[in-house]
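Numbering (full-length UniProt numbering), first residue to last: 1 to 167. Okay, so here's the structure we're looking at.
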């Protein structure tokens, strides 16, 4: 069970323009672009690439542990994001281990994992942890259902070439 404490309005640094600043702990330029676009109306997002431990466990636990570890280093408001790709036929695998699956078996291998299964459905699970700068962490989760398809398109952003969202 993950215990999520309520977020108190913690201090965010102000830029010279008077806008609030939120640190996004990532080394992934594409993730940074997405988060900046989403949060642009509310605050400025600055990246901080920290080599955090990649723990095993449930997605919420992983996000919570990463946020705690990042806060111990930075001591300021921050967000971390962790994404999973979960195959229904495989009971949710590769799940939070998608990064290593993709690295080892590439996009074609991700598609071929389901060769012996009729069920090609899957879901993408995005878990975001926000730390308010005082050590209080709130977890947010989003899920997109879809299916695994033969890889297509650019191969420069994770597993997206082989996941097709519903709708």
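Note that CB positions come from ideal geometry on N, CA and C, so glycine has one too.
Start-to-end residues for the beta strand (DSSP E) that takes in residue i
i	result
residue 163	163-165
residue 101	No beta strand (DSSP E) holds residue 101; the alpha helix (DSSP H) holding it covers 98-112.
residue 24	20-25
residue 123	121-131
residue 115	Residue 115 -> no beta strand (DSSP E), and no H or E assigned at all.
residue 47	44-48
For residue i, three-class secondary structure by DSSP
i	result
residue 148	strand
residue 160	helix
residue 54	coil
residue 65	helix
residue 74	helix
residue 59	helix
residue 93	coil
residue 4	Bear in mind that a pLDDT of 33 at residue 4, under 50, signals an unreliable position, so the number given afterwards is only what the model happens to contain. Of the three classes helix, strand and coil, the one that applies to residue 4 here is coil, per DSSP.
Delimiting residues of the alpha helix (DSSP H) encompassing residue i
i	result
residue 39	29-39
Same chain only: Cβ atoms within 7 Å of residue i, ignoring 5 sequence neighbours per side
i	result
residue 27	49
residue 47	24, 26 and 32
residue 153	161
residue 69	52 and 53
residue 74	23 and 48
Residue i classed as buried or exposed, judged by whether at least 16 other C-beta atoms fall within 10 angstroms
i	result
residue 3	With a pLDDT of 33 at residue 3, under the threshold of 50, the modelled position of that residue is not reliable, and no figure is offered here.
residue 82	buried
residue 149	exposed
residue 51	exposed
residue 76	buried
residue 62	buried
residue 65	buried
residue 80	buried
residue 55	exposed
Contact test: residue i Cβ vs the ligand NAP heavy atom, cutoff 7 Å
i	result
residue 70	Absence of the ligand NAP from the depicted structure is noted, as is the absence of any ligand whatsoever, leaving it without description.
Contact set for residue i: own chain, Cβ-Cβ below 6 Å, skip 5 residues either direction
i	result
residue 117	89
residue 177	Look at the range of the chain in this structure, 1 to 167, and you will see that residue 177 is not part of it.
Test: residue i CB closer than 8 Å to a CB of chain B
i	result
residue 111	No chain B is present in this structure, which holds just one protein chain.
Presumed contact (8 Å Cβ cut-off) between residue i and residue j, rounded CB distance
i	j	result
residue 78	residue 43	Not a contact, Cβ separation roughly 12 Å.
residue 139	residue 124	With 8 Å as the limit, residue 139 and residue 124 do not qualify as a contact, their Cβ atoms being about 17 Å apart.
residue 21	residue 35	Residue 21 to residue 35, Cβ: 13 Å. No contact.
residue 147	residue 122	6 Å
Residues near residue i by beta carbon distance below 8 Å, same chain, minus five either side
i	result
residue 59	82, 84, 95, 96, 125, 127 and 141
residue 159	85, 98, 102, 107 and 110
residue 156	30
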